[in-house]
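Numbering (the numbering used here), first residue to last: 188 to 367.
A virtual CB, placed ideally from N, CA and C, is assigned to each residue, including glycine.
Notes for the one structure printed next.
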């Protein structure tokens, strides 16, 4: 009988230890909450964009609304341009890809455009690169620079030499839209 009491007491003690250990184990953090997932937070908001004429684009303006979606895991872009862009309407989704430690963005628009970009912070700028699918050669990039809480410059650039030199194709000056 005493061996049964000792066995029961030991079982209760082990169960109590397991229960105490389970209560002290830290829960896993929610997905998409690490600092890397907030590297593009500067872009969130409602933005007015204006650009001067360039060889590939007449002067114009547009609006860009950037939101965080899907439990904070995705940054969603909704761009509308004026007649200078052919009334461009575009949409992108961006997310931090933890395994590659890079950001990935996919853009589509009402003119048949599709771009898959990859990149992230580079110094004070945020740069996403586009590689040609057939041979993975670097051909274009977008650069977010001069970033402040109320404004930034966005550059769409091409390279003829796999990234040795870059030429602006479209430069937009963004300012945060006033509420209301």
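For residue i and residue j, I'd like the C-alpha separation in whole angstroms.
i, j, result
"residue 256", "residue 311", "25 Å"
"residue 250", "residue 284", "27 Å"
"residue 335", "residue 362", "9 Å"
"residue 236", "residue 220", "29 Å"
"residue 350", "residue 324", "9 Å"
"residue 204", "residue 300", "Because residue 204 carries a pLDDT of 48, less than 50, the predicted location of this residue cannot be relied on, and no value is offered for it."
"residue 254", "residue 218", "17 Å"
"residue 322", "residue 354", "21 Å"
"residue 342", "residue 304", "14 Å"
"residue 308", "residue 211", "37 Å"
"residue 215", "residue 222", "15 Å"
"residue 267", "residue 286", "33 Å"
Specify the secondary structure class of residue i as computed by DSSP and reduced to three states.
i, result
"residue 220", "coil"
"residue 281", "strand"
"residue 354", "strand"
"residue 199", "With a pLDDT of 49 at residue 199, under the threshold of 50, the predicted position of this residue should be treated as unreliable, though the coordinate-derived value follows. Helix."
"residue 346", "coil"
"residue 235", "strand"
"residue 241", "strand"
"residue 365", "coil"
"residue 204", "With a pLDDT of 48 at residue 204, under the threshold of 50, the modelled position of that residue is not reliable, and the figure given next carries that caveat. Helix, per DSSP."
"residue 228", "helix"
"residue 335", "coil"
"residue 270", "helix"
Leaving out the 5 sequence neighbours to the left and right, which residues in its chain are closer than 7 Å to residue i when beta-carbon positions are compared?
i, result
"residue 279", "264, 292, 293, 294"
"residue 246", "238, 239, 240, 271"
"residue 306", "289, 290, 314, 315, 316"
Quick test of your reading: residue i and residue j, contact by CB under 8 Å. State the CB separation rounded to the nearest angstrom.
i, j, result
"residue 273", "residue 248", "With 8 Å as the limit, residue 273 and residue 248 do not qualify as a contact, their Cβ atoms being about 14 Å apart."
"residue 296", "residue 315", "Wrong, their Cβ atoms sit about 16 Å apart, outside the cutoff."
"residue 356", "residue 243", "5 Å"
"residue 227", "residue 281", "6 Å"
"residue 234", "residue 319", "With a Cβ gap of about 29 Å, residue 234 and residue 319 do not count as contacting."
"residue 224", "residue 259", "7 Å"
Closer than 6 Å by C-beta to residue i: which residues in its own chain qualify, once you throw out the five before and the five after it? Chain order, please.
i, result
"residue 327", "317, 345"
"residue 332", "312, 340"
"residue 230", "253"
Cβ of residue i versus every heavy atom of the ligand FMN: is any distance shorter than 6 Å?
i, result
"residue 359", "The ligand FMN is not part of the structure shown, which contains no ligands of any sort."
Could you pull out every residue in the same chain whose Cβ sits closer than 8 Å to the Cβ of residue i, ignoring the five residues on either side in sequence?
i, result
"residue 269", "247, 248, 249"
"residue 261", "255, 280, 281, 282"
- Item | Complete beta strand (DSSP E) runs within the stretch 302-328 (minimum length 3 residues, chain order) | 312-318
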